[in-house]
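Okay, structure first, notes after.
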Amino acid sequence: MTGPLLTLLNAQSLAAYTASGYWGDETLYAVAARHARSTPNSFAVRDRHRRLTYAELVEAAARLAAGLAARGIRSGQRVAVWLPSRIETAIALLACSRNGYVCCPSLHRNHTAAEVIALVDRMRAAAVIADPGFGADSDRHDLFEELADRDFIHGTHRIGAADAAPFADLPGDREELAASHDPNQIVYLPFTSGTTGTPKGVLHSDNTLLATARMMARDWRLEGAVLCTLSPLSHNLGLGALITALAGGGELVVHDLPRGGSLVDRLEETGAAFLFGVPTHAFDLLAEMRTRGLRHLGAVRGFRISGAAAPASLIADLMRHGVTPQSGYGMTETCSHQYTRPDDPPERIIETCGRACDGYEVRIWRPDNPDIEAAPGEIGEIGGRGASLMLGYFDNQAATEA
Numbered sequence: 392m393t394g395p396l397l398t399l400l401n402a403q404s405l406a407a408y409t410a411s412g413y414w415g416d417e418t419l420y421a422v423a424a425r426h427a428r429s430t431p432n433s434f435a436v437r438d439r440h441r442r443l444t445y446a447e448l449v450e451a452a453a454r455l456a457a458g459l460a461a462r463g464i465r466s467g468q469r470v471a472v473w474l475p476s477r478i479e480t481a482i483a484l485l486a487c488s489r490n491g492y493v494c495c496p497s498l499h500r501n502h503t504a505a506e507v508i509a510l511v512d513r514m515r516a517a518a519v520i521a522d523p524g525f526g527a528d529s530d531r532h533d534l535f536e537e538l539a540d541r542d543f544i545h546g547t548h549r550i551g552a553a554d555a556a557p558f559a560d561l562p563g564d565r566e567e568l569a570a571s572h573d574p575n576q577i578v579y580l581p582f583t584s585g586t587t588g589t590p591k592g593v594l595h596s597d598n599t600l601l602a603t604a605r606m607m608a609r610d611w612r613l614e615g616a617v618l619c620t621l622s623p624l625s626h627n628l629g630l631g632a633l634i635t636a637l638a639g640g641g642e643l644v645v646h647d648l649p650r651g652g653s654l655v656d657r658l659e660e661t662g663a664a665f666l667f668g669v670p671t672h673a674f675d676l677l678a679e680m681r682t683r684g685l686r687h688l689g690a691v692r693g694f695r696i697s698g699a700a701a702p703a704s705l706i707a708d709l710m711r712h713g714v715t716p717q718s719g720y721g722m723t724e725t726c727s728h729q730y731t732r733p734d735d736p737p738e739r740i741i742e743t744c745g746r747a748c749d750g751y752e753v754r755i756w757r758p759d760n761p762d763i764e765a766a767p768g769e770i771g772e773i774g775g776r777g778a779s780l781m782l783g784y785f786d787n788q789a790a791t792e793a
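The numbering used here puts the first residue of the sequence shown at 392, with every later residue one more than the last.
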């Protein structure tokens, strides 16, 4: 293990994935910093109000990292992020990667203050970054006031207005910690949905996140492309879109349209080439296109559809409008390891969830004997292993061992 958290990382897997090229020597912050050095004026991330170049993104992340370090946050400690779809989440993730902190942006819009506090307590977050007006009951509960008695929290930060420069209120003259150079540190802590029990905290390193992102950027030719996530960054799909954009040196468009805003206009304005969303997003997008009599959707050429199986009619409709759907399968624990390719025949896109990317393996095992692989057509249990597999569950020895 690297860092103070219990993980499944071991010398054998570290050597194997590094030798095969699926794991590298760069953290997420280092990847962004490399883009900032080579193409400083290339755009990295934008929401409706602001657009940052790679140079500006790295500067903002370094500023936040220094601010957190000044509060006494140490490597391996958790930073809870409860924000709407804004560029500050991307900055927070890179700041955590830079200093060796563990970023938890898996706090959602429909969470109450009590639910967020319970997760903050559970992860013993050393810092909390939040929007004072965000959440299901923000009109009745002040998160910052209710966290004031937690002695394990060393710092809280209220983000500014949606059109303000991100984290500009932090001091510009700062004493910086040396940046972490350990891509096997735990950097990301999302929580599972809890459909089968209490939500589990999933431990991902910079390398496990980048493993599938690099493959998807390569397989779908997304290097330097504009990607748009219709899923919030608090969800694993949205966060994966951010990592894919970073891996390919592209730009991520955050979905923060006001209610009733035109998604078609937004996609055309931003020049988005690839979308991440769920079937509902695709249905809504096609409905707007039909209403406006549009046959094509700007520069959009691909659409990762996750969260639920997409009906064959939906996939066919997207293809008629010049958009190649990406059917796929993934989990919080494994990232988006399985997907169709842009040159796959329509029947494979419609009838399957594609195949595992390089660096990941999937097998179906018999439910009555998990050591025997199920025959084609048999129902079984999914087993997977590879470079994007999580490194364990947070503070859960039993689940990690299982």
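We put the CB at the ideal spot given by N, CA and C, even for glycine.
In whole angstroms, give me the CA-to-CA distance for residue i and residue j.
i: residue 657; j: residue 589; result: 38 Å
i: residue 534; j: residue 504; result: 6 Å
i: residue 696; j: residue 719; result: 7 Å
i: residue 677; j: residue 701; result: 13 Å
i: residue 680; j: residue 712; result: 9 Å
i: residue 591; j: residue 786; result: 9 Å
i: residue 491; j: residue 708; result: 45 Å
i: residue 604; j: residue 597; result: 11 Å
i: residue 661; j: residue 474; result: 22 Å
i: residue 392; j: residue 674; result: Below a pLDDT of 50, predicted positions are generally treated as unreliable, and residue 392, at 43, falls in that range; no measurement from the model is reported.
i: residue 465; j: residue 640; result: 29 Å
i: residue 780; j: residue 682; result: 42 Å
i: residue 610; j: residue 717; result: 11 Å
i: residue 553; j: residue 753; result: 42 Å
i: residue 469; j: residue 767; result: 43 Å
i: residue 648; j: residue 421; result: 31 Å
i: residue 512; j: residue 584; result: 18 Å
i: residue 722; j: residue 415; result: 22 Å
i: residue 624; j: residue 595; result: 16 Å
i: residue 403; j: residue 467; result: 23 Å
i: residue 397; j: residue 761; result: 26 Å
Determine, using beta carbons only, whether residue i and residue j come nearer to each other than 9 Å.
i: residue 600; j: residue 617; result: no
i: residue 518; j: residue 462; result: yes
i: residue 400; j: residue 575; result: yes
i: residue 410; j: residue 568; result: no
i: residue 477; j: residue 418; result: no
i: residue 502; j: residue 526; result: yes
i: residue 550; j: residue 508; result: no
i: residue 631; j: residue 726; result: yes
i: residue 443; j: residue 581; result: no
i: residue 619; j: residue 667; result: yes
i: residue 572; j: residue 621; result: no
i: residue 664; j: residue 613; result: yes
i: residue 693; j: residue 715; result: yes
i: residue 751; j: residue 608; result: no
i: residue 728; j: residue 747; result: yes
i: residue 796; j: residue 510; result: Here the chain comprises residues numbered 392 to 793, so residue 796 is not present and cannot be evaluated.
Please go through the same chain and pick out, in chain order, the residues whose beta-carbon is closer than 8 Å to the beta-carbon of residue i, but skip the five residues on each side of it.
i: residue 423; result: 435, 445, 448, 449, 452, 485, 637
i: residue 343; result: Nothing about residue 343 can be reported from this structure: the residues present for the chain run from 392 to 793 only.
i: residue 655; result: 676, 679, 680, 683, 685, 688, 689
i: residue 437; result: 443, 478, 642, 643, 644, 645, 661
Counting only the same chain and skipping the five closest in sequence on each side, list residues whose C-beta sits under 7 Å from that of residue i.
i: residue 699; result: 669, 670
i: residue 659; result: 689
i: residue 455; result: 482, 483, 486, 558, 561
i: residue 460; result: 490, 568
If I measure Cβ to Cβ from residue i and keep anything under 6 Å in the same chain, skipping five residues before and after, which residues do I get?
i: residue 337; result: Outside the shown range of the chain (392 to 793) lies residue 337, about which nothing can therefore be said.
i: residue 548; result: 520
i: residue 523; result: 549
When you measure from the CB of residue i to every non-hydrogen atom of the ligand FAD, does any distance come out below 8 Å?
i: residue 673; result: Because no ligand of any kind appears in the structure shown, any question about the ligand FAD cannot be addressed here.
Practice task
Quick one: which unbroken beta strand (DSSP E) runs of 3-plus residues sit fully inside the region 682 to 760? Chain order, please.
Solution key: 693 to 696, 715 to 722, 726 to 730, 751 to 757
Exercise for the section: Scan the region 400 to 462 and note each continuous beta strand (DSSP E) run of 3 residues or more that stays entirely inside, going in chain order. Expected result: 434 to 437, 442 to 444
Handout entry: the region 761 to 772 in contact with the region 728 to 744 per 3-pair CB rule at 8 Å
Key = no
Problem - Those runs of the beta strand (DSSP E) which lie wholly inside the region 651 to 686 and span at least 3 residues - result: 665 to 668
Practice task
Scan the region 605 to 647 and note each continuous beta strand (DSSP E) run of 3 residues or more that stays entirely inside, going in chain order.
Solution key: 617 to 620, 642 to 645
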